[in-house]
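Asker:
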Amino acid sequence: MVKLKNMIPARLRRVRQASPSREPVYDQNQVMYNLYEQGSVSVHPLEPFEEVSSEEISHRMEIDHCVKRAPTLAELMSNREHGRENDVHSVIGRRALLSREVDALTRADFSVQTEQQTISALFSGLCAHSDNLARTSRLSKIRNHLNYIGEPELMEAAHGIATYWKHRLDTHPDKALFVMLGEIGNMERADYAAPEGKIKSDEYFMELIMNEFSDDELTQYADKLLIDEGELVNLPKENVDIIMLDDWTSSGIEIAEQQQCFLRRHPDLRDHIEVQLAIANEERLKVGFRMNGGQYVPVRAYYWANSSSELFSTYIAGSHSSDYSLAFDISSLLRTEDTMPPGVQVARPYHRDDYQTTFRQRLQYARSRDSNVIK
79 MVKLKNMIPA RLRRVRQASP SREPVYDQNQ VMYNLYEQGS VSVHPLEPFE
129 EVSSEEISHR MEIDHCVKRA PTLAELMSNR EHGRENDVHS VIGRRALLSR
179 EVDALTRADF SVQTEQQTIS ALFSGLCAHS DNLARTSRLS KIRNHLNYIG
229 EPELMEAAHG IATYWKHRLD THPDKALFVM LGEIGNMERA DYAAPEGKIK
279 SDEYFMELIM NEFSDDELTQ YADKLLIDEG ELVNLPKENV DIIMLDDWTS
329 SGIEIAEQQQ CFLRRHPDLR DHIEVQLAIA NEERLKVGFR MNGGQYVPVR
379 AYYWANSSSE LFSTYIAGSH SSDYSLAFDI SSLLRTEDTM PPGVQVARPY
429 HRDDYQTTFR QRLQYARSRD SNVIK
């Protein structure tokens, strides 16, 4: 794993607090944040619809920690390259709902449109006029800077991360990647709990990533791609990198608490953790993710999120998941008679009764297949 200080140019890495009586003190986190605040740290994402090779994906994920800028709603309105015929189930109403509240709704509480129709309706809904100019102005800013992760974008991000994992495993054959999954089940916070028998977004995203591995590739990498915590017991810590995986995160509280829970069992792996997402904002890509205790860990994401200093927030919507902070802010800006635009709050497809993942079975089969190969 590339350490965070390696992101700092060599000439700036020497920034220290000199003292004649003791060793110079180097605060990696503070220096990195100061450089970010000064605009001295930069990433160079491609534009949303640019073609990119596997080699460039791996290079950009390693060096820039991202590959592309995420598309905005307006850009998706004008780009019809993808059919976007998949159904999106949007909540009918005006109140912001937690995930478990959305899961408790009935079919009558949702409107069903194709993803392309949902994007158009969301864009139009955020153009709604109000007698309150301040509210209208903020809705307009949200519309102009809203990142949208539809099915094609999520699939592209999964492909990009899978490509990067293959590169990491090929480049560092002595290292394994442990993907932390299901840690949320060890936490006590009811707000985070998935409905009984349902999965969370980390496993859903993992399924999409693993679908980018052919059976032969899984056989090749199976012994170095780990998901069972028991496999860490006899593995030297210098031979493993820990990946915290998700589609995106807003406040980051959930990820920070998962990390804290994991480190209670594996304190020696504190310096081997990084976060990988489908999309992340500029500060987290440049500085890292601040965990409990003040530690910063590297963040990599396929998409660099659009944001605005006027909004003091990064807003993300998608066809497969909802962001509560976006729904809450939009609901506070609507007129009394307005309902939430389609696409702001959606049913998660991975919470359907018939949804199942297959990556665990595929990995298990790949390992058994590999053990039967004559070497």
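FYI, the numbering for the sequence shown is 79 to 453, going by our numbering.
Note that CB positions come from ideal geometry on N, CA and C, so glycine has one too.
#1: Answer yes or no: do histidine 245 and serine 132 have a C-beta to C-beta separation smaller than 9 Å?
#2: Which of the three DSSP states, helix, strand or coil, is assigned to leucine 200?
#3: With a CB to CB cut of under 7 Å and the five nearest residues on each side skipped, what residues in its chain are close to serine 97?
#4: Give the straight-line distance between the Cα atoms of valine 377 and tyrosine 433, rounded to the nearest whole angstrom.
#5: Since leucine 154 and glycine 421 should fall inside the 8 Å C-beta cutoff, what is the C-beta to C-beta distance between them, to a whole number of angstroms?
#6: In chain order, what residues of the same chain lie with their CB nearer than 6 Å to the CB of histidine 237, ignoring the 5 residues before and after it?
#7: Count the other C-beta atoms from every protein chain shown that fall within 10 angstroms of the C-beta of glycine 228, then say buried if there are 16 or more, exposed otherwise.
#8: Looking only at its own chain, which residues have a Cβ that is under 7 Å from the Cβ of serine 385, when we skip the five neighbours before and after it?
#9: Taking just the CA atoms, how far does alanine 444 sit from threonine 327?
#10: If you drop the 5 nearest sequence neighbours on each side, which residues of the same chain put their C-beta closer than 6 Å to that of arginine 368?
#11: Looking only at its own chain, which residues have a Cβ that is under 8 Å from the Cβ of histidine 167, when we skip the five neighbours before and after it?
#12: Quick check on glycine 161: buried or exposed, where buried means 16 or more other Cβ atoms within 10 Å of its Cβ?
#13: Could you tell me the alpha carbon to alpha carbon distance between serine 403 and histidine 122, rounded to whole angstroms?
#14: How many Å lie between isoleucine 331 and glutamine 338 at the Cα?
#15: May I ask you to report which of helix, strand or coil DSSP gives tryptophan 243?
#16: Is the Cβ-Cβ distance between glutamine 195 and arginine 158 less than 9 Å?
#17: Could you give the DSSP three-state label for alanine 379: helix, strand or coil?
#18: Going by DSSP, what residues sit across from tyrosine 428 in a beta bridge?
#19: Using CA coordinates, which residue listed in Pro251, Lys219, Asp294 is at the minimum distance from serine 387?
#20: Just verifying my parser: in three-state terms, what is the DSSP assignment at lysine 302?
#21: Give the single residue among Thr414, Thr214, Asp401, Asp181 whose Cα lies nearest to the Cα of aspartate 431.
#22: Put serine 168 into one of helix, strand or coil per three-state DSSP.
#23: Using the Cα positions of leucine 204 and proline 419, report the straight-line distance between them to the nearest angstrom.
#24: Which residues mark the beginning and the end of the alpha helix (DSSP H) in which leucine 151 is found?
#25: Enumerated in chain order, which unbroken segments of the beta strand (DSSP E) with a length of 3 residues or greater are wholly contained in the region 342 to 407?
#26: Just the Cα atoms here: how many angstroms apart are tyrosine 380 and valine 365?
#27: The beta strand (DSSP E) with glutamate 254 in it runs from where to where?
#28: List the DSSP bridge partners of valine 190.
#29: Compare the Cα-Cα distances from valine 169 to each of Pro314, Ser156, Ala186 and report the closest residue.
#30: Would glycine 421 count as contacting chain D if we go by Cβ distances under 9 Å?
#31: With a CB to CB cut of under 7 Å and the five nearest residues on each side skipped, what residues in its chain are close to arginine 221?
#32: Can you name, in chain order, every residue of its own chain whose Cβ lies under 7 Å from the Cβ of isoleucine 287, other than the five neighbours on each side?
#33: Could you tell me the boundaries of the beta strand (DSSP E) in which leucine 217 lies?
#34: Specify, as a first and last residue, the run of the alpha helix (DSSP H) that isoleucine 287 falls within.
#35: Does the region 402 to 417 come within contact of the region 138 to 150, defined as at least 3 CB pairs closer than 8 Å?
#36: Determine the direct distance from the alpha carbon of glutamate 261 to that of lysine 340, and round the result to whole angstroms.
Answerer: Per the coordinate set shown:
#1: Locating residue 245 in the sequence shown gives position 167, counting from the first residue. Locating residue 132 in the sequence shown gives position 54, counting from the first residue. For histidine 245 and serine 132, yes; Cβs fall inside 9 Å.
#2: One-based indexing of the sequence shown puts residue 200 at position 122. If DSSP states are grouped into helix, strand and coil, leucine 200 belongs with the helices.
#3: On the sequence shown, residue 97 is found 19 positions in, with the first residue counted as 1. Only weak support is given to the placement of serine 97: the predicted model assigns it a pLDDT of 38, under 50, and the value that follows is read from those uncertain coordinates. Excluding sequence neighbours, serine 97 sits near nothing in its chain.
#4: Position 299 of the sequence shown, counting from 1, holds the residue named residue 377. Position 355 of the sequence shown, counting from 1, holds the residue named residue 433. Whole-angstrom Cα-Cα distance: 29 Å.
#5: For this step, residue 154 is matched to residue 76 along the sequence shown. For this step, residue 421 is matched to residue 343 along the sequence shown. That belief does not hold up - the Cβ atoms of leucine 154 and glycine 421 are roughly 11 Å apart, past 8 Å.
#6: Numbered from 1 along the sequence shown, position 159 holds the residue referred to as residue 237. Closer than 6 Å at the Cβ level, and outside the excluded window around histidine 237, lie Glu290.
#7: Within the sequence shown, the letter at position 150 stands for residue 228. Under this definition glycine 228 is a buried residue.
#8: For this step, residue 385 is matched to residue 307 along the sequence shown. If we look at serine 385 and ignore the five residues flanking it on each side, its Cβ neighbours are His223, Asn359, Glu360, Thr392.
#9: As a working mapping, residue 327 is identified with position 249 in the sequence shown. As a working mapping, residue 444 is identified with position 366 in the sequence shown. Whole-angstrom Cα-Cα distance: 31 Å.
#10: Here residue 368 corresponds to residue number 290 of the sequence shown, with the count starting at 1. These residues qualify, in order along the chain: Tyr374.
#11: The residue you call residue 167 lines up with position 89 of the sequence shown. Phe188, Ser189, Val190, Val424, Ala425.
#12: Locating residue 161 in the sequence shown gives position 83, counting from the first residue. Classification of glycine 161: exposed, given that the 10 Å Cβ count is below 16.
#13: Within the sequence shown, the letter at position 325 stands for residue 403. Within the sequence shown, the letter at position 44 stands for residue 122. If I take the Cα positions, the gap works out to 27 Å.
#14: Start at 1 with the first residue of the sequence shown, and residue 331 comes out as number 253. Start at 1 with the first residue of the sequence shown, and residue 338 comes out as number 260. The straight-line gap from Cα to Cα measures roughly 11 Å.
#15: Within the sequence shown, numbered from 1, the residue matching residue 243 stands at position 165. In the structure shown, tryptophan 243 sits in a helix (DSSP, three-state: H, G or I).
#16: What you label residue 195 is simply residue 117 of the sequence shown in a count that begins at 1. What you label residue 158 is simply residue 80 of the sequence shown in a count that begins at 1. For glutamine 195 and arginine 158, no; Cβs fall outside 9 Å.
#17: Taking the sequence shown and counting its residues from 1, one reaches residue 379 at position 301. Residue state, collapsed to three classes: strand.
#18: The sequence position of residue 428 within the sequence shown is 350, counting from 1. Tyrosine 428 pairs with nothing; no bridge assigned.
#19: Taking the sequence shown and counting its residues from 1, the one referred to as residue 387 is at position 309. That would be Lys219, whose Cα lies nearest to the Cα of serine 387.
#20: In the sequence shown, counting from the first residue as 1, residue 302 sits at position 224. Reduced to three states, the DSSP call for lysine 302 is helix.
#21: Numbered from its first residue, the sequence shown carries residue 431 at position 353. Cα-wise, what sits closest to aspartate 431 is Asp181.
#22: Residue numbering aside, residue 168 sits at position 90 when the sequence shown is read from its first letter. If DSSP states are grouped into helix, strand and coil, serine 168 belongs with the strands.
#23: The residue labelled residue 204 in the question sits at position 126 within the sequence shown. The residue labelled residue 419 in the question sits at position 341 within the sequence shown. If I take the Cα positions, the gap works out to 7 Å.
#24: What you label residue 151 is simply residue 73 of the sequence shown in a count that begins at 1. Start and end: 151 to 156.
#25: 351 to 358, 377 to 382, 394 to 396
#26: As a working note, residue 380 is residue 302 in the sequence shown. As a working note, residue 365 is residue 287 in the sequence shown. Approximately 16 Å, taken between the alpha carbons.
#27: Within the sequence shown, the letter at position 176 stands for residue 254. Position check: residue 254 holds alanine in this sequence, whereas glutamate was assumed. Counting along the chain, the beta strand (DSSP E) containing alanine 254 begins and ends at 254 to 258.
#28: Within the sequence shown, the letter at position 112 stands for residue 190. For valine 190, which the question treats as bridged, DSSP gives the partners His167.
#29: Along the sequence shown, read from residue 1 onward, the residue named residue 169 stands at position 91. Selected option, being the one with the closest Cα: Ala186.
#30: Protein chains in the displayed structure number just one, and chain D is not present.
#31: The residue labelled residue 221 in the question sits at position 143 within the sequence shown. Correct list, in chain order: Leu151, Phe201, Leu204, Cys205.
#32: Counting from 1 along the sequence shown, the entry for residue 287 is found at position 209. Excluding sequence neighbours, isoleucine 287 sits near Ala236, Ile239, Ala240.
#33: Your numbering for residue 217 matches position 139 in the sequence shown. Unbroken run through leucine 217 is the alpha helix (DSSP H), 211 to 223; no beta strand (DSSP E).
#34: As a working mapping, residue 287 is identified with position 209 in the sequence shown. 279 to 288 is the extent of the alpha helix (DSSP H) around isoleucine 287.
#35: no
#36: Within the sequence shown, residue 340 is the residue found at index 262, counting from 1. Within the sequence shown, residue 261 is the residue found at index 183, counting from 1. Position check: residue 340 holds phenylalanine in this sequence, whereas lysine was assumed. Those two C-alpha atoms are separated by around 7 Å.
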